[in-house]
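Here the sequence shown stands for residues 590 to 831, where the numbers follow the working numbering. We put the beta carbon where it would ideally sit given N, CA and C, even for glycine. If you're wondering where the values come from, they're calculated on a predicted model, not measured in any experiment.
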Amino acid sequence: MTKPLIVITGASSGIGAATARLLSSQGHPLLLLARRLDKLKELALPNTLCRKVDVTDRGAVEDAVREAEQRFGPADAIVNNAGAMLLGRIADQPVDEWERMIDLNIKGVLYGTRAVLPGMIARGTGTGTIINVSSIAGRKTFPNHTAYVGTKFAVHAMSENLREEVASSGVRVVTIAPGAVETELLSHTSDEQIKTDYEAWKKSAGGALAPQAVAEAIAYAYQQPPNVTVREIVLAATGQEA
């Protein structure tokens, strides 16, 4: 392979799928992880290993990364994109929704990072990029977002702390913080009124970002010279005020 391996979690739709298509078109071999293997295979990308993995299963994540590295060489980057947005009020939101977001949005990022980071550090200066997909909700609060906001503030904090921790090793850490994006995330919220209100809010802002716009931001950060770290990219539809 003339270009190095990139790992993408949550690659079956939305930002993950758009990022996979873009980086594949640029010649990168890929490891794509998601719970819906059929959706990964439908992308039909060359030099791509698709595995049905829930990123809350640390062993499964590590096994998939080792398998891909044996086939394509060391992972040069991971896009920790898998996540859940389950909106609700703390007073009545099902507690298992909080737990799912904590496991997926926080532990999943840590597990993905751990699967590639030791190798990046061992290979020396100028190798390795950790890209964590967070949200504007990791920088400010929104109505009915309490648990979700908590997980995304955690992603921002972990990313910045990790960046400081590995800077001397030459590993880059990037946080991508999009506003509303046209993905499947909202569909998993169980409160129908909150979903209706959210869709109305998006419409009032003139619509949400296309996943491709976020994918291009990810590629931009990754493609900088090894001695340049774009620490954070915040992007949203122009009409989104909050």
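Are the beta-carbon atoms belonging to residue i and residue j less than 9 angstroms from one another?
| i | j | result |
| --- | --- | --- |
| Pro-663 | Arg-624 | no |
| Asp-799 | Val-770 | One detail in the question is off: residue 799 reads as Ala in this sequence, not Asp. Yes. Within cutoff. |
| Val-763 | Ala-825 | no |
| Ile-667 | Thr-716 | no |
| Ile-695 | Ala-649 | no |
| Leu-620 | Leu-638 | yes |
| Gln-801 | Leu-611 | yes |
| Asp-786 | Asn-733 | yes |
| Glu-773 | Ala-736 | no |
| Ile-719 | Val-760 | yes |
| Arg-752 | Arg-647 | no |
| Ala-554 | Gly-828 | As displayed, the chain neither begins before 590 nor continues past 831, which places residue 554 out of reach and without an answer. |
Among the options, which residue has its Cα nearest to the Cα of residue i?
| i | options | result |
| --- | --- | --- |
| Asp-692 | His-617, Ala-673, Met-709 | Ala-673 |
| Ile-765 | Glu-753, Glu-749, Glu-773, Arg-640 | Glu-749 |
| Leu-775 | Leu-751, Pro-593, Leu-676, Ile-595 | Leu-676 |
| Thr-591 | Thr-718, Ser-613, Ser-723 | Ser-613 |
| Lys-641 | Ala-671, Gly-759, Arg-660 | Ala-671 |
| Pro-767 | Glu-781, Lys-792, Glu-754, Val-803 | Val-803 |
| Gly-708 | Glu-658, Ala-680, Arg-752 | Glu-658 |
| Ile-604 | Val-819, Asp-780, Ala-797, Pro-683 | Ala-797 |
| Arg-678 | Val-817, Thr-778, Arg-820 | Thr-778 |
| Asn-816 | Glu-781, Ala-789, His-745, Ala-756 | Ala-756 |
| Ser-724 | Asp-681, Ile-710, Ala-831 | Ala-831 |
Span of the alpha helix (DSSP H) holding residue i?
| i | result |
| --- | --- |
| Arg-703 | 697-712 |
| Ile-604 | 603-614 |
| Val-650 | 647-661 |
| Thr-764 | No alpha helix (DSSP H) contains Thr-764, which is instead part of the beta strand (DSSP E) from 761-767. |
| Leu-629 | 626-631 |
| Glu-781 | 781-793 |
| Phe-742 | 735-755 |
List the endpoints of the continuous beta strand (DSSP E) containing residue i.
| i | result |
| --- | --- |
| Lys-641 | 637-641 |
| Ala-666 | 664-669 |
| Leu-620 | 619-623 |
| Val-823 | 821-824 |
Classify residue i as helix, strand or coil using the three-state DSSP reduction.
| i | result |
| --- | --- |
| Thr-718 | strand |
| Ile-679 | coil |
| Arg-689 | helix |
| Thr-598 | strand |
| Val-644 | coil |
| Leu-798 | strand |
| Val-770 | strand |
| His-777 | helix |
| Ser-758 | helix |
| Glu-805 | helix |
| Gly-828 | coil |
| Asn-694 | helix |
Kindly list the residues whose CB is nearer than 7 angstroms to the CB of residue i, restricted to its own chain and excluding five residues on each side of it in sequence; keep chain order.
| i | result |
| --- | --- |
| Ala-806 | Ile-765, Ile-822, Leu-824 |
| Ala-609 | Ile-597, Ala-600, Leu-619, Leu-621, Leu-632, Leu-634 |
| Val-654 | Val-596, Leu-620, Ala-664, Ala-704, Val-705 |
| Val-644 | Thr-598, Leu-622, Val-650, Ala-671, Leu-693, Gly-697, Tyr-700, Gly-701 |
Short of 8 angstroms in beta carbon distance, which residues of its chain neighbour residue i, apart from the five on each side in sequence? Order them along the chain.
| i | result |
| --- | --- |
| Ala-606 | Ala-600, Lys-628, Leu-632, Pro-800 |
Near residue i, what residues of its chain come up, given a Cβ to Cβ distance below 6 angstroms and the 5 sequence neighbours on each side ignored?
| i | result |
| --- | --- |
| Ile-783 | Leu-676, Asn-733 |
| Pro-593 | Asp-665 |
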